[in-house]
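A short worksheet on the structure shown next.
In my numbering, the protein residues as written are 55 to 549.
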């Protein structure tokens with residue numbers, strides 16, 4: 055019997071998958087037409103686009119288990135997707151893969167004030183958790199700038215942070231438990247309402263795993279009581295280096311603000327024009343610091359920060375006088391990314407982390423790299439924890455500008471590693487930084503990480519093509535060998 059041509063085999067498998075999915079997910083939960091799948095062709099890293107083979111929108115955990123069992127039996131790849139706000143291409147579809155869209159998992163399941171936690175489905179947005187509990191004086195601390203749209207499941211996948219992560223931690227510090235489905239269809243629960251668990255820290259392993267190990271179906275998060283007082287400060291400087299030195303001095307003096315952000319001149323002007331936050335326009339760099347806690351503590355810390363800032367040449371020191379003004383200060387920072395979109399047809403939002411003390415040096419080097427590549431860079435930083443978000447402006451309609459933007463981004467990330475930092479802080483590796491992993495890890499390091507992937511997903515069906523630059527196959531007894539082949543889409547599909 056003659057074997058069918060490869061394209062016929064792929065088509066036959068697609069038809070079998072679609073039939074199987076429609077039997078598992080009734081109604082309109084399976085999207086197989088091109089127009090219907092178009093909204094899923096990319097995430098927030100929109101320079102790279104690819105239509106999936108089929109989109110499935112499950113509504114129950116059991117449906118997900120059956121979907122994954124079918125995919126494993128047929129050898130079909132699966133890309134989980136939450137809110138689609140990933141900035142590293144973490145949910146970029148595969149042409150020969152199933153896109154598992156989790157948007158219907160959008161309910162708050164339980165709020166337990168006595169244990170200060172909430173159980174939510176992964177499609178619940180970050181901000182919705184705080185909205186659900188604010189009437190009782192509680193909130194969920196991690197607050198990415200995209201919190202109005204990003205899903206909590208995606209936050210877990212990327213270990214997201216936000217402007218208040220300096221004092222209150224990243225997602226991993228505010229996560230108590232998860233429920234997930236393995237590629238085999240097995241449903242697993244890790245952690246819970248309790249503070250800690252026995253045995254290996256598998257919850258820590260799953261946090262930041264970028265959809266490579268399992269599909270998250272439920273999340274238990276820690277709730278915090280709102281502090282009695284919170285005030286924000288604007289500290290303006292005539293040079294970026296002076297602002298960077300002030301950040302290092304604040305931390306060195308044992309002060310941990312609730313948030314400590316930095317914006318350069320271009321970011322300040324863009325944000326002010328976008329939402330009228332009240333920012334000074336005559337500064338080269340602006341720090342936004344928030345102090346919270348009892349009134350006496352906040353007053354003391356505000357005075358201390360003012361002294362540190364004045365000693366380093368601050369030309370502007372402004373303290374919020376009302377809750378509305380405090381929120382306005384933060385509104386400008388949180389709107390910085392969309393505001394910069396008015397400056398250029400396209401931009402890359404990069405993400406790397408450095409030691410805080412190297413911030414002045416890195417700012418100087420970024421300016422040099424910007425000039426070398428002939429592209430403008432707008433800088434917005436989680437300065438307190440060294441997490442940089444350089445925004446590289448380009449026009450994809452101009453020949454070679456996208457390629458130059460990619461090269462500039464790679465050079466900035468290599469710089470982060472060179473000064474003792476890492477390739478990412480909260481956006482993840484995805485496809486954006488996949489081929490740069492070798493600048494930070496050697497082959498032994500990557501093999502050890504791949505062993506973990508193999509323990510959960512030995513057939514490499516969950517989100518393949520992300521994070522790891524080289525294909526490693528899982529052999530018996532957990533051993534590995536390098537195939538030498540590349541993972542899918544080495545040349546990324548672009549718009």
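Even for Gly, the Cβ is constructed at its ideal location relative to N, Cα and C.
Open item on the list: One question on the structure: do residue 325 and residue 390 come within less than 8 Å of each other, judged by their Cβ atoms?
Closed with: Their beta carbons are under 8 Å apart, which means residue 325 touches residue 390 by this criterion.
Open item on the list: With a threshold of 6 Å on Cβ separation, who are the neighbours of residue 319 within its own chain once the five nearest residues in sequence on each side are excluded?
Closed with: For residue 319, where only same-chain residues beyond five positions count, the Cβ hits under 6 Å are 338.
Open item on the list: Taking 8 Å as the threshold (C-beta atoms), are residue 104 and residue 146 in contact?
Closed with: Residue 104 is positioned such that its CB atom lies closer than 8 Å to that of residue 146.
Open item on the list: Distance check for residue 112 and residue 428, CA to CA, integer angstroms please.
Closed with: Those two C-alpha atoms are separated by around 46 Å.
Task: Distance between residue 312 and residue 77 (C-alpha atoms, nearest Å) - done: One C-alpha to the other measures close to 50 Å.
- [ ] Name, in chain order, the residues that DSSP records as bridge partners for residue 374.
- [x] Paired residue(s): none; residue 374 is not in a bridge.
Open item on the list: Starting from residue 266, trace the alpha helix (DSSP H) in both directions and tell me its first and last residue.
Closed with: No alpha helix (DSSP H) holds residue 266; DSSP gives it neither H nor E.
Task: Segment contact, 8 Å Cβ cut-off, at least three pairs: the region 259-266 with the region 192-212 - done: The answer is yes - the region 192-212 touches the region 259-266, with three or more Cβ pairs under 8 Å.
Open item on the list: Between the region 109-127 and the region 238-246, can you find at least three pairs of beta-carbon atoms closer than 8 Å?
Closed with: Taking a cut-off of 8 Å on C-beta distances, the region 238-246 touches the region 109-127, as three or more cross pairs fall below it.
Open item on the list: Out of 159, 129 and 512, which one is the CA nearest neighbour of residue 207?
Closed with: The shortest C-alpha separation from residue 207 is found at 159.
Open item on the list: Out of 130, 463 and 296, which one is the CA nearest neighbour of residue 424?
Closed with: Its Cα nearest to that of residue 424, the residue 463 stands out among 130, 463 and 296.
Open item on the list: Judging by CA-CA distance, which residue of 323, 243 and 69 is the nearest neighbour of residue 432?
Closed with: Each of 323, 243 and 69 was checked against the Cα of residue 432, and the nearest Cα belongs to 323.
Open item on the list: Measuring only the C-alpha atoms, how far is residue 74 from residue 94?
Closed with: Using only the alpha carbons, I get a separation of about 21 Å.
Open item on the list: Taking DSSP's pairing of strands, which residues face residue 428 in a bridge?
Closed with: The partner list for residue 428 (beta bridge, DSSP) is empty, contrary to what the question assumes.
Open item on the list: Considering just the uninterrupted stretch of the alpha helix (DSSP H) at residue 392, what are its terminal residues?
Closed with: Taken as a continuous stretch (DSSP letters only), the alpha helix (DSSP H) holding residue 392 covers 390-394.
Open item on the list: Give me, in chain order, the residues of the same chain whose beta-carbon lies closer than 8 Å to that of residue 222; leave out the 5 immediate sequence neighbours on both sides.
Closed with: Answer for residue 222: 195, 196, 228, 278 and 312, listed in chain order.
Task: the region 403-421 in contact with the region 437-447 per 3-pair CB rule at 8 Å - done: Contact check between the region 403-421 and the region 437-447: three or more CB pairs, one atom from each, fall below 8 Å, which counts as touching.
Task: residue 371 to residue 299 span [Cα, whole Å] - done: Cα atoms of residue 371 and residue 299: separation of roughly 16 Å, rounded to the nearest angstrom.
TODO: Classify residue 436 as buried or exposed, calling it buried when 16 or more other Cβ atoms lie within 10 Å of its own Cβ.
DONE: Per the 10 Å Cβ criterion, buried.
Task: Secondary structure of residue 102, DSSP reduced to three states - done: Of the three classes helix, strand and coil, the one that applies to residue 102 here is strand, per DSSP.
Task: Element boundaries [alpha helix (DSSP H), containing residue 185] - done: Where residue 185 is concerned, the enclosing alpha helix (DSSP H) stretches over 180-187.
- [ ] With DSSP collapsed to three states, give me the class of residue 209.
- [x] Assigned with DSSP and collapsed to three states, residue 209 falls in helix.
Open item on the list: Short of 6 Å in beta carbon distance, which residues of its chain neighbour residue 467, apart from the five on each side in sequence? Order them along the chain.
Closed with: Taken in chain order, the residues that qualify are 406, 477 and 490.
TODO: Scan the region 420-504 and note each continuous beta strand (DSSP E) run of 3 residues or more that stays entirely inside, going in chain order.
DONE: Fully enclosed beta strand (DSSP E) runs of 3 or longer: 431-436 and 441-448.
Open item on the list: Classify residue 330: buried if its beta carbon has 16 or more other beta carbons within 10 angstroms, exposed otherwise.
Closed with: By the 16-neighbour rule on beta-carbons within 10 angstroms, residue 330 is exposed.
Task: residue 151 beta carbon less than 8 Å from that of residue 107 - done: With respect to the 8 Å criterion, residue 107 and residue 151 are classified as neighbours on the basis of their beta carbons.
TODO: Let me know if residue 376 comes out buried or exposed under the rule of 16 or more other beta-carbons within 10 Å of its beta-carbon.
DONE: Under this definition residue 376 is an exposed residue.
Open item on the list: Residues in the same chain with beta-carbon distance under 7 Å from residue 385, minus the five sequence neighbours each way, listed in chain order, please.
Closed with: Within the same chain, residue 385 has close Cβ partners 329 and 331.
Open item on the list: Let me make sure I understand the geometry here. Which of 519, 515 and 523 has the alpha-carbon closest to that of residue 553?
Closed with: Residue 553 lies beyond the stretch modelled for the chain, which goes from 55 to 549, so this question has no answer here.
Open item on the list: Could you pull the DSSP bridge partners for residue 284 from this structure?
Closed with: In DSSP, residue 284 forms a bridge with 346.
TODO: Could you tell me if residue 8 is buried or exposed, where buried requires 16 or more neighbouring beta carbons within 10 angstroms of its beta carbon?
DONE: Look at the range of the chain in this structure, 55 to 549, and you will see that residue 8 is not part of it.
Task: Distance, residue 243 Cα to residue 274 Cα - done: Residue 274 and residue 243: Cα-Cα distance of roughly 11 Å.
TODO: Using three-state DSSP, classify residue 296 as helix, strand or coil.
DONE: Correct three-state label for residue 296: helix.
Open item on the list: On the CB-based measure, 16 or more other CB atoms within 10 Å of its CB, does residue 481 come out buried or exposed?
Closed with: By the 10 Å Cβ count, residue 481 comes out buried.
Task: Cβ-Cβ distance between residue 551 and residue 99 below 8 Å - done: Beyond the ends of the chain as shown, which are 55 and 549, falls residue 551; an answer cannot be given.
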